Structures are given as C-alpha cells and as structure tokens.
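This report concerns only the one structure given below.
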Amino acid sequence: MIGPVIFPRNRLKRPMLSMASSVDSFSRGAMSDLWIGDVGIRVTNLEKSIEFYTRVFDLEEIDRGGDDEGKYVLFRDRRSGQRVELNWYAERSPFWAPYIVGEGLDHFEVRVKSVPETLKRLRVLGIKPATKKLWVNRQAIAKVEGDPKFRKLMQDDMWTSQNGHRIAYIQDPDGIFFCLYDHPEEPWEGPIPDHY
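Everything in the sequence shown is counted per my numbering, starting at 80 for the first residue and increasing by one.
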C-alpha cells in the first residue's frame, strides 16, 4: 500500500458538496437559484467521441443539434442523471480555437465498483490506463524522482490510498483525463462519497 493519495499536475482534492450542504448556501454568499446543468467538452471528432462516451459510460443521448459550423450532443447518465455535452466546432466557426489537451477541463471523477475490474473491461474496448501520462511537469518530477515512493507511483497504472481506495486514470479520444476510483467499504447505491 502506498502513502497518501498524490494528485499530480497540482490537483488538490476539493470536497464534493452533498445536497444537504446546499441548504445554507445563501448564508455563504452562493447564489441559491443557480445549479450546474451539464459539463461541456470540446471535442475534435464528434463521432469518435460519441462512440467513446456511449460505449464506456452507457450515456443516454437526450438532445442533438447544430449545423456545419458547430454541433452538439447532450447526454444523460442513466444512473446519476448528470449530463455531459459534447461540442464540436469547424475551423470557420467563431467559437473554434486550436485544440490543446488539458485546456479548460482538467478531469472528470468517476466512481466505479472496482477499479481493477473496470480496467479489465476497458482493455477489452481498447482503452488502456493513462495514469502514467499524468506526470508531465518535468521540473517537479526532477525534485521527487529520487524518492522510491514517487518512483513507484510514476510507474503504476493504479494507485491504492492509505484507506484502501484504488485510483486509476483513462483518457477520452481528445486526451481528457477520467479518474476512476472505488470505495469498496461504502454502499454502491449512494450517495457519492465526499472523500477518497
């Protein structure tokens, strides 16, 4: 087992808010009449991305639209109800910009029943772990690569936290990272745990 979970690329674990915590959002200065509807992801190949998101996550398509300058497809997760929108823009679109991996969206977190079993199923679909690709800041790596603990982390496809939760990363066709994590000791039916 490895020490505390390390979040490369300056990823700090932010606590996920439960529904109960929104009750007093007004007193914290939050706008109580706003809520997140979906996450929009810019993609370079709409059909390839649709295939990835439907095959891997079994998302349900609920809307689609656009024209030759830009198209979108809106999906809903069959289990959680959360929504994801894929957005594609042609070079002539006013919304188009050169695509740079990692700009605008860092990663999604996806709870799974078992990280090892999920990785096996994804390999059958041709999707390999991308955990080793997280280590991109060469200056920061140079400072810690002499430490055997970090050297091992940089070589592993899956990490195990001190409390036994397993973590691995995959990428979609455009390089967006998905953190797969499990909580074997907690009920699968929910709610989503607020911690690793």
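The C-beta atom is built at its ideal place from N, Cα and C for all residues, glycine as well.
For clarity, every value in this text was computed on a predicted model and none was experimentally measured.
Under a CB-based cut-off of 7 Å, is residue i close to chain D?
i: Ser159; result: Absent from the structure: chain D. Only one protein chain is present.
Using the Cβ count rule (16 or more neighbours within 10 Å means buried), how would you classify residue i?
i: Arg121; result: buried
i: Pro83; result: Because the pLDDT at Pro83 is just 36, under 50, the model does not fix this residue reliably, and the point stays unresolved.
i: Arg245; result: buried
i: Tyr260; result: buried
i: Trp267; result: exposed
Of the choices the options, whose alpha-carbon is the least far from that of residue i?
i: Glu148; options: Arg245, Lys199, Thr210 and Ala169; result: Ala169
i: Asp117; options: Met233, Leu125, Leu153 and Glu139; result: Leu153
i: Ile179; options: Ala221, His262, Thr123 and Asn216; result: Thr123
i: Gly186; options: Pro173, Phe174, His262 and Leu213; result: This sequence places His at residue 186; Gly is not what is there. Of the listed residues, the one whose Cα sits closest to His186 is Leu213.
i: Asn242; options: Glu265, Glu224, Glu130 and Trp175; result: Glu265
i: Ser240; options: Glu130, Pro263 and Gly145; result: Pro263
i: Asp146; options: Arg171, Asn216 and Lys222; result: Arg171
Throw me the rounded Cβ distance for the residue i and residue j pair, which I believe falls under 8 Å.
i: Val189; j: Phe257; result: 5 Å
i: Tyr151; j: Arg143; result: 7 Å
i: Trp167; j: Leu138; result: Not really, about 16 Å apart at Cβ, beyond 8 Å.
i: Ala247; j: Met237; result: 4 Å
i: Leu184; j: Ser128; result: 13 Å between Cβ atoms; not a contact.
i: Thr197; j: Asp235; result: Going by Cβ atoms, the distance from Thr197 to Asp235 rounds to 16 Å, so no, they are not a contact pair.
Exercise for the section: Take every Cβ of the stretch 157 to 170, pair it with every Cβ of the stretch 192 to 207, and state whether three or more of those distances are shorter than 8 Å. Expected result: no
Exercise for the section: Inspect the CB distances between the stretch 251 to 259 and the stretch 219 to 234 and report whether three or more fall short of 8 Å. Expected result: no
Handout entry: Touch test, the stretch 130 to 137 against the stretch 200 to 211, Cβ-Cβ under 8 Å, three pairs minimum
Key = yes
Practice task
Within the stretch 177 to 256, note down every full beta strand (DSSP E) run reaching 3 residues or more, in order along the chain.
Solution key: 186 to 190, 237 to 239 and 245 to 250
Problem - Every unbroken beta strand (DSSP E) within the stretch 129 to 161, with a cutoff of 3 residues, ordered by chain - result: 139 to 145 and 149 to 155
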